[in-house]
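24 is the number of the first residue of the sequence shown in this note's numbering; add one for each residue after it.
For each residue, glycine too, the CB sits at the ideal point set by N, CA and C.
For clarity, every value in this text was computed on a predicted model and none was experimentally measured.
Below is one structure, written out as structure tokens; comments come after it.
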Amino acid sequence: MKACVLSLVLILSLGAFAQQTKTSVSDVLRKMLPGREKDTVAAFEEMPANKFDYKPTAEQMTFGHLAAHIAEGNYYFCSNVGDVPQPKTEELKGTEGKEKLVAAVKSSFEFCDTALEKADDSKMNEDIKWFDGKPRARTWAFVSLASSWADHYGMAAMYLRLNGLIPPSAKK
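Written out as structure tokens, the structure is:
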């Protein structure tokens with residue numbers, strides 16, 4: 024329910040922003056990307072290498088797993104938003120170490136930059152194959168991409184704060 028409400032708010036916000044600025048939703052994502060990329064990559068660069076196995080509770084993912092999850096999500100969502108093939112990449116477990124995981128996050132954002140160049144609002148109602156294998160409108164990928172950037176950066180920022188570090192977006 025909470026995720027549905029968040030998604031609805033995000034859809035309405037993106038649509039309202041697009042109308043106010045005469046900008047398409049694709050353009051909004053392209054404009055969001057540099058800031059989301061900068062803060063997310065900086066968060067993973069900020070965390071010391073010996074803290075990539077940190078997780079706040081036993082049920083939560085480690086910081087390293089979060090990096091792997093972000094990379095995987097970026098490839099999936101951006102390929103669907105841009106209607107481009109998802110590149111073949113090494114499946115990460117989140118235990119590969121800071122250097123490799125930071126590189127993977129960076130690479131996934133670089134792919135998003137390329138994929139989002141091809142994003143086109145006119146394709147939003149086309150079907151894509153969703154995680155459950157069922158068809159969904161491409162709109163799901165547009166909204167999920169924006170919400171995953173916010174959610175995942177929020178998680179990374181929380182992990183940093185729990186380790187006495189200031190998240191990039193909170194620094195002056």
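Item, Value
"Given this structure, state the Cα-to-Cα distance separating K61 from K195, to the nearest angstrom.", "15 Å"
"Determine the extent of the beta strand (DSSP E) in which R159 is found, giving its start and end residues.", "158-160"
"For I151, which beta-bridge partners are listed by DSSP?", "R159"
"Could you tell me if P158 is buried or exposed, where buried requires 16 or more neighbouring beta carbons within 10 angstroms of its beta carbon?", "exposed"
"Take N196 and list the residues in its own chain whose beta-carbon comes closer than 7 Å to its own, dropping the five residues that flank it on each side.", "With the chain running from 24 to 195 in the structure shown, residue 196 is simply not present."
"When you compare the CB positions of H88 and G120, do they come within less than 9 Å of one another, or not?", "no"
"Which of the three DSSP states is assigned to F100 in this structure?", "helix"
"The alpha helix (DSSP H) spanning D62 covers which residue range?", "48-69"
"At which residues does the alpha helix (DSSP H) containing K129 begin and terminate?", "121-139"
"For I93, is the classification buried or exposed, using 16 other Cβ atoms within 10 angstroms of its Cβ as the cut-off for buried?", "buried"
"May I ask you to report which of helix, strand or coil DSSP gives S93?", "The question names Ser, but residue 93 is Ile in the sequence shown. Helix."
"For the stretch 107-115 and the stretch 166-174, state whether three or more C-beta atom pairs, one from each stretch, are separated by less than 8 Å.", "no"
"If you draw a straight line from the alpha carbon of L52 to that of R59, how long is it in whole angstroms?", "10 Å"
"Using only CA atoms, which one of A164, H175, S145, I189 lies nearest to W153?", "A164"
"Excluding the 5 residues preceding and the 5 following N148 in the sequence, name in chain order all residues of the same chain whose CB lies nearer than 6 Å to its CB.", "A160"
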